[in-house]
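Undergrad: Take the sequence shown: its position 183, counted from the start at 1, is 171 in the numbering used here, and no numbers get skipped.
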Amino acid sequence: MSEDRKHIPSPIPIPFRKLNIVTLLQLLILIFLLPGCFQVYAVREEVLETKVLTSSDSDRIVDSVEIQHAFVNKYLELTIHETTKQERLRSERIVERKKISYDYRKSENYRQISTDEKPWNRDILGSFADLVALFELITIPFRTISDTKEEGSEREIVLSSEEKEASVKTDLTLIVRIENSEVLNRKLETRTMKIPLSEIRKRFPRSNQMEILIYKSNERVAYKAISLYDALRELR
-11 MSEDRKHIPS PIPIPFRKLN IVTLLQLLIL IFLLPGCFQV YAVREEVLET KVLTSSDSDR
49 IVDSVEIQHA FVNKYLELTI HETTKQERLR SERIVERKKI SYDYRKSENY RQISTDEKPW
109 NRDILGSFAD LVALFELITI PFRTISDTKE EGSEREIVLS SEEKEASVKT DLTLIVRIEN
169 SEVLNRKLET RTMKIPLSEI RKRFPRSNQM EILIYKSNER VAYKAISLYD ALRELR
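1. Measuring alpha carbon to alpha carbon, tell me which residue in Tyr29, Arg32 and Thr38 is nearest Asn138.
2. Between which two residues does the alpha helix (DSSP H) harbouring Arg189 extend?
3. Under three-state DSSP, which class holds Asn173?
4. Under a Cβ-count criterion, where at least 16 other Cβ atoms within 10 Å of its own Cβ denotes burial, should Glu70 be classed as buried or exposed?
5. Contact between the region 120 to 140 and the region 89 to 98 is defined here as three or more beta-carbon pairs at a separation below 8 Å; is this criterion met?
6. Counting only the same chain and skipping the five closest in sequence on each side, list residues whose C-beta sits under 6 Å from that of Lys152.
7. Please go through the region 123 to 170 and give each complete alpha helix (DSSP H) segment of 4 or more residues, from N-terminal end onward.
8. DSSP state of Leu113, grouped into three classes?
9. Any idea what DSSP makes of Leu119, helix, strand or coil?
10. My output table needs one value for Leu223: the three-state DSSP class, helix, strand or coil.
11. Sorted by chain position, which residues of the same chain lie with C-beta nearer than 6 Å to Ile214's C-beta, five sequence neighbours on each side aside?
12. Using a Cβ-Cβ cut-off of 6 Å (strictly less than) and excluding sequence neighbours within five positions of Val50, which residues of its own chain qualify?
13. Count the CB pairs spanning the region 121 to 128 and the region 172 to 190 that are closer than 8 Å, and state whether there are at least three.
14. Tell me the DSSP secondary structure of Arg99 in three-state form.
15. Under 8 Å between the Cβ atoms of Leu160 and Lys204?
16. To the nearest angstrom, report how far apart Ser43 and Arg32 are at their CA atoms.
17. Cutting at 8 Å between CB atoms, please list the residues of its own chain near Val40, excluding the five before and the five after it.
18. Determine whether the beta carbon atoms of Ile163 and Asn173 lie at a separation below 8 Å.
19. What beta strand (DSSP E) runs, 3 residues minimum, are completely inside the region 20 to 73?
20. Apart from the five residues just before and just after Leu223, which ones in its own chain have a Cβ nearer than 8 Å to its Cβ?
21. Between which two residues does the beta strand (DSSP E) carrying Arg208 extend?
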(Lines of atoms letter the chains of each structure in order from A and count residues from 1; the text may use other names and numbers.)
(Lines give C-alpha, C1' and ligand atoms only; values in the text may rest on other atoms or scores of the structure.)
Protein backbone atom coordinates (compact mmCIF):
# COMPACT_ATOMS: atom_id res chain seq x y z
CA MET A 1 0.00 0.00 0.00
CA SER A 2 1.18 3.54 -0.73
CA GLU A 3 2.89 5.40 2.08
CA ASP A 4 1.13 8.66 1.10
CA ARG A 5 -2.28 7.13 1.75
CA LYS A 6 -4.54 9.53 3.59
CA HIS A 7 -5.12 8.76 7.25
CA ILE A 8 -8.70 7.68 7.88
CA PRO A 9 -9.87 8.73 11.37
CA SER A 10 -11.28 6.02 13.58
CA PRO A 11 -15.02 6.14 14.09
CA ILE A 12 -16.36 7.95 17.17
CA PRO A 13 -17.35 5.46 19.87
CA ILE A 14 -21.08 4.96 20.03
CA PRO A 15 -21.52 6.23 23.63
CA PHE A 16 -19.94 9.56 22.70
CA ARG A 17 -22.14 9.95 19.63
CA LYS A 18 -25.08 10.35 21.95
CA LEU A 19 -23.50 13.29 23.76
CA ASN A 20 -25.22 16.43 22.49
CA ILE A 21 -24.67 20.04 23.46
CA VAL A 22 -27.24 19.90 26.28
CA THR A 23 -25.53 16.88 27.81
CA LEU A 24 -22.12 18.52 27.64
CA LEU A 25 -23.53 21.58 29.35
CA GLN A 26 -25.01 19.36 32.05
CA LEU A 27 -21.63 17.77 32.63
CA LEU A 28 -19.92 21.15 32.85
CA ILE A 29 -22.50 22.40 35.33
CA LEU A 30 -22.11 19.20 37.32
CA ILE A 31 -18.34 19.64 37.51
CA PHE A 32 -18.80 23.10 39.02
CA LEU A 33 -21.51 21.99 41.45
CA LEU A 34 -20.03 18.76 42.76
CA PRO A 35 -17.36 20.28 44.99
CA GLY A 36 -20.42 20.89 47.18
CA CYS A 37 -21.71 17.31 47.19
CA PHE A 38 -21.64 17.45 50.98
CA GLN A 39 -22.70 20.27 53.25
CA VAL A 40 -20.89 20.75 56.56
CA TYR A 41 -22.97 22.31 59.34
CA ALA A 42 -22.74 22.96 63.09
CA VAL A 43 -24.63 20.45 65.22
CA ARG A 44 -23.67 21.38 68.77
CA GLU A 45 -22.17 24.21 70.79
CA GLU A 46 -20.55 23.57 74.17
CA VAL A 47 -19.56 26.37 76.53
CA LEU A 48 -15.99 25.76 77.70
CA GLU A 49 -15.40 28.95 79.66
CA THR A 50 -17.37 32.01 80.75
CA LYS A 51 -15.77 35.32 81.69
CA VAL A 52 -17.76 38.07 83.42
CA LEU A 53 -16.64 41.48 82.14
CA THR A 54 -19.04 43.71 84.08
CA SER A 55 -21.70 43.08 86.72
CA SER A 56 -24.34 45.27 88.38
CA ASP A 57 -27.30 44.63 90.72
CA SER A 58 -30.67 46.35 90.57
CA ASP A 59 -34.27 46.07 91.80
CA ARG A 60 -37.35 45.65 89.64
CA ILE A 61 -41.04 45.79 90.48
CA VAL A 62 -43.40 43.90 88.18
CA ASP A 63 -47.19 44.26 88.39
CA SER A 64 -49.34 41.53 86.87
CA VAL A 65 -53.08 40.88 86.56
CA GLU A 66 -54.69 37.45 86.21
CA ILE A 67 -58.31 36.68 85.29
CA GLN A 68 -59.94 33.54 86.74
CA HIS A 69 -63.47 32.31 86.08
CA ALA A 70 -65.93 29.64 87.18
CA PHE A 71 -69.55 28.71 86.43
CA VAL A 72 -71.48 28.53 89.71
CA ASN A 73 -75.27 28.24 90.10
CA LYS A 74 -76.03 29.58 86.62
CA TYR A 75 -73.66 32.51 87.06
CA LEU A 76 -70.31 33.30 85.54
CA GLU A 77 -68.05 34.31 88.40
CA LEU A 78 -64.99 36.40 87.56
CA THR A 79 -62.09 36.84 89.96
CA ILE A 80 -59.33 39.36 89.32
CA HIS A 81 -55.95 38.79 90.98
CA GLU A 82 -53.45 41.63 90.93
CA THR A 83 -49.97 40.87 92.21
CA THR A 84 -46.80 42.85 92.70
CA LYS A 85 -43.48 41.05 92.31
CA GLN A 86 -40.29 42.60 93.64
CA GLU A 87 -37.13 41.13 92.16
CA ARG A 88 -33.44 41.56 92.83
CA LEU A 89 -31.57 41.31 89.53
CA ARG A 90 -27.97 40.97 88.44
CA SER A 91 -27.05 42.15 84.96
CA GLU A 92 -23.80 40.84 83.51
CA ARG A 93 -21.83 41.37 80.34
CA ILE A 94 -19.98 38.15 79.55
CA VAL A 95 -17.71 36.48 77.02
CA GLU A 96 -18.14 32.76 76.38
CA ARG A 97 -15.60 30.47 74.74
CA LYS A 98 -17.51 27.80 72.88
CA LYS A 99 -16.57 24.51 71.24
CA ILE A 100 -18.43 23.92 67.97
CA SER A 101 -18.97 20.38 66.67
CA TYR A 102 -19.78 19.74 63.01
CA ASP A 103 -21.47 17.07 60.94
CA TYR A 104 -22.16 16.68 57.22
CA ARG A 105 -24.98 15.73 54.89
CA LYS A 106 -25.68 15.49 51.18
CA SER A 107 -26.16 18.83 49.47
CA GLU A 108 -29.44 19.67 47.77
CA ASN A 109 -27.87 19.44 44.28
CA TYR A 110 -26.44 15.99 45.00
CA ARG A 111 -29.79 14.71 46.30
CA GLN A 112 -31.63 16.06 43.26
CA ILE A 113 -29.29 14.25 40.87
CA SER A 114 -29.66 10.90 42.65
CA THR A 115 -33.48 11.16 42.69
CA ASP A 116 -34.01 12.77 39.27
CA GLU A 117 -36.88 11.32 37.20
CA LYS A 118 -34.83 11.42 33.99
CA PRO A 119 -32.83 8.19 33.54
CA TRP A 120 -29.84 10.04 32.03
CA ASN A 121 -29.53 12.40 34.99
CA ARG A 122 -30.20 9.70 37.56
CA ASP A 123 -28.00 6.94 36.12
CA ILE A 124 -25.23 8.56 34.08
CA LEU A 125 -24.83 11.88 35.88
CA GLY A 126 -25.64 10.18 39.16
CA SER A 127 -22.80 7.69 38.69
CA PHE A 128 -20.40 10.49 37.81
CA ALA A 129 -21.60 12.43 40.85
CA ASP A 130 -20.99 9.43 43.11
CA LEU A 131 -17.43 9.18 41.82
CA VAL A 132 -16.69 12.84 42.47
CA ALA A 133 -18.44 12.65 45.86
CA LEU A 134 -16.14 9.78 46.81
CA PHE A 135 -13.11 12.05 46.38
CA GLU A 136 -14.81 14.86 48.28
CA LEU A 137 -15.63 12.43 51.08
CA ILE A 138 -11.91 12.18 51.80
CA THR A 139 -11.93 15.84 52.89
CA ILE A 140 -14.84 15.46 55.31
CA PRO A 141 -12.77 14.44 58.39
CA PHE A 142 -10.75 17.64 58.02
CA ARG A 143 -13.79 19.86 57.40
CA THR A 144 -15.68 18.51 60.43
CA ILE A 145 -12.89 19.07 62.95
CA SER A 146 -14.29 20.91 65.99
CA ASP A 147 -13.18 24.50 66.51
CA THR A 148 -13.68 27.17 69.15
CA LYS A 149 -14.97 30.74 69.10
CA GLU A 150 -15.52 33.56 71.57
CA GLU A 151 -18.89 35.25 71.74
CA GLY A 152 -19.98 38.24 73.82
CA SER A 153 -23.48 38.66 75.25
CA GLU A 154 -25.52 40.06 78.11
CA ARG A 155 -27.54 38.10 80.62
CA GLU A 156 -29.87 38.79 83.51
CA ILE A 157 -30.04 36.65 86.66
CA VAL A 158 -32.90 36.81 89.18
CA LEU A 159 -31.23 36.68 92.60
CA SER A 160 -34.43 36.85 94.63
CA SER A 161 -38.15 37.29 94.04
CA GLU A 162 -41.02 38.15 96.38
CA GLU A 163 -44.64 38.22 95.23
CA LYS A 164 -47.47 39.94 97.08
CA GLU A 165 -51.15 40.21 96.23
CA ALA A 166 -52.11 43.83 95.80
CA SER A 167 -55.41 45.48 96.55
CA VAL A 168 -57.63 46.23 93.58
CA LYS A 169 -56.72 49.65 92.25
CA THR A 170 -59.16 52.13 90.84
CA ASP A 171 -57.02 52.65 87.73
CA LEU A 172 -58.08 49.26 86.35
CA THR A 173 -60.96 49.03 83.87
CA LEU A 174 -62.96 45.85 83.19
CA ILE A 175 -64.35 45.29 79.70
CA VAL A 176 -66.63 42.38 78.77
CA ARG A 177 -67.04 41.77 75.04
CA ILE A 178 -69.33 39.34 73.23
CA GLU A 179 -69.53 39.08 69.44
CA ASN A 180 -67.38 42.23 69.12
CA SER A 181 -69.89 44.19 71.21
CA GLU A 182 -68.99 45.70 74.57
CA VAL A 183 -71.59 44.61 77.12
CA LEU A 184 -69.71 46.04 80.10
CA ASN A 185 -67.11 48.77 80.55
CA ARG A 186 -66.48 50.05 84.05
CA LYS A 187 -63.87 50.77 86.67
CA LEU A 188 -62.85 47.72 88.66
CA GLU A 189 -63.77 48.22 92.31
CA THR A 190 -63.88 44.65 93.68
CA ARG A 191 -61.98 41.45 93.01
CA THR A 192 -65.04 39.41 92.08
CA MET A 193 -68.22 39.88 90.08
CA LYS A 194 -71.09 37.71 88.87
CA ILE A 195 -72.77 37.74 85.46
CA PRO A 196 -76.09 35.85 85.02
CA LEU A 197 -75.84 33.28 82.24
CA SER A 198 -79.53 33.75 81.47
CA GLU A 199 -78.87 37.40 80.64
CA ILE A 200 -76.05 36.40 78.27
CA ARG A 201 -78.26 33.85 76.50
CA LYS A 202 -81.10 36.37 76.25
CA ARG A 203 -78.96 39.04 74.58
CA PHE A 204 -76.66 36.73 72.62
CA PRO A 205 -78.51 33.44 72.02
CA ARG A 206 -76.01 32.14 69.46
CA SER A 207 -72.80 33.22 71.13
CA ASN A 208 -70.37 30.60 72.42
CA GLN A 209 -67.56 32.83 73.66
CA MET A 210 -66.94 35.83 75.87
CA GLU A 211 -63.83 38.02 76.04
CA ILE A 212 -62.64 39.58 79.30
CA LEU A 213 -60.17 42.46 79.11
CA ILE A 214 -58.46 44.46 81.84
CA TYR A 215 -56.96 47.85 81.02
CA LYS A 216 -54.68 50.07 83.05
CA SER A 217 -55.03 53.56 81.60
CA ASN A 218 -54.76 52.81 77.86
CA GLU A 219 -52.66 49.65 78.21
CA ARG A 220 -54.20 46.18 78.18
CA VAL A 221 -52.75 44.22 81.11
CA ALA A 222 -54.87 41.04 81.00
CA TYR A 223 -57.03 39.12 78.53
CA LYS A 224 -59.02 35.90 78.64
CA ALA A 225 -61.41 34.19 76.23
CA ILE A 226 -64.08 32.11 77.99
CA SER A 227 -66.08 29.38 76.26
CA LEU A 228 -69.80 29.62 77.05
CA TYR A 229 -71.03 26.66 75.03
CA ASP A 230 -71.33 24.03 77.79
CA ALA A 231 -72.61 26.48 80.42
CA LEU A 232 -75.35 27.90 78.17
CA ARG A 233 -76.36 24.44 76.96
CA GLU A 234 -77.07 23.38 80.57
CA LEU A 235 -79.60 26.21 80.89
CA ARG A 236 -81.86 24.74 78.22
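Quick reminder that beta carbons are idealized off the backbone N, C-alpha and C, glycines included.
TA: To lay it out plainly:
1. Along the sequence shown, one-based indexing puts residue 138 at 150. The sequence given here places Glu at residue 138; Asn does not occur at that position. Selected option, being the one with the closest Cα: Thr38.
2. In the sequence shown, counting from the first residue as 1, residue 189 sits at position 201. Element bounds for Arg189: Leu185 to Arg191.
3. Counted from its first residue, the sequence shown places residue 173 at position 185. Note: Asn173 maps to strand in three-state DSSP.
4. Position 82 of the sequence shown, counting from 1, holds the residue named residue 70. The residue in question, Glu70, is buried, as its Cβ has 16 or more Cβ neighbours within 10 Å.
5. yes
6. Counting from one through the sequence shown, the residue named residue 152 turns up at place 164. Here the set comprises Thr72.
7. 128 to 131
8. Here the question's residue 113 lines up with position 125 in the sequence shown. DSSP places Leu113 in helix when its eight states are reduced to three.
9. Taking the sequence shown and counting its residues from 1, the one referred to as residue 119 is at position 131. Of the three classes helix, strand and coil, the one that applies to Leu119 here is helix, per DSSP.
10. On the sequence shown, residue 223 is found 235 positions in, with the first residue counted as 1. Coil.
11. By one-based count along the sequence shown, residue 214 stands at place 226. Closer than 6 Å at the Cβ level, and outside the excluded window around Ile214, lie His57 and Met198.
12. In the sequence shown, residue 50 corresponds to position 62, counting from 1. Hits under 6 Å: Lys73.
13. no
14. Here residue 99 corresponds to residue number 111 of the sequence shown, with the count starting at 1. In the structure shown, Arg99 sits in a helix (DSSP, three-state: H, G or I).
15. Within the sequence shown, the letter at position 172 stands for residue 160. Within the sequence shown, the letter at position 216 stands for residue 204. Yes, the Cβ-Cβ distance between Leu160 and Lys204 is below 8 Å.
16. What you label residue 43 is simply residue 55 of the sequence shown in a count that begins at 1. What you label residue 32 is simply residue 44 of the sequence shown in a count that begins at 1. Rounded to whole angstroms, Ser43 to Arg32 spans 28 Å at the Cα level.
17. Along the sequence shown, read from residue 1 onward, the residue named residue 40 stands at position 52. Cβ within range, chain order: Glu80, Arg81 and Ile82.
18. For this step, residue 163 is matched to residue 175 along the sequence shown. For this step, residue 173 is matched to residue 185 along the sequence shown. For Ile163 and Asn173, yes; Cβs fall inside 8 Å.
19. 26 to 60
20. Position 235 of the sequence shown, counted from the first residue, corresponds to residue 223. Cβ neighbours of Leu223 beyond the five flanking positions: Lys62, Leu185, Ser186 and Arg189.
21. The sequence position of residue 208 within the sequence shown is 220, counting from 1. Run containing Arg208: Glu207 to Ser215, per the beta strand (DSSP E) assignment.
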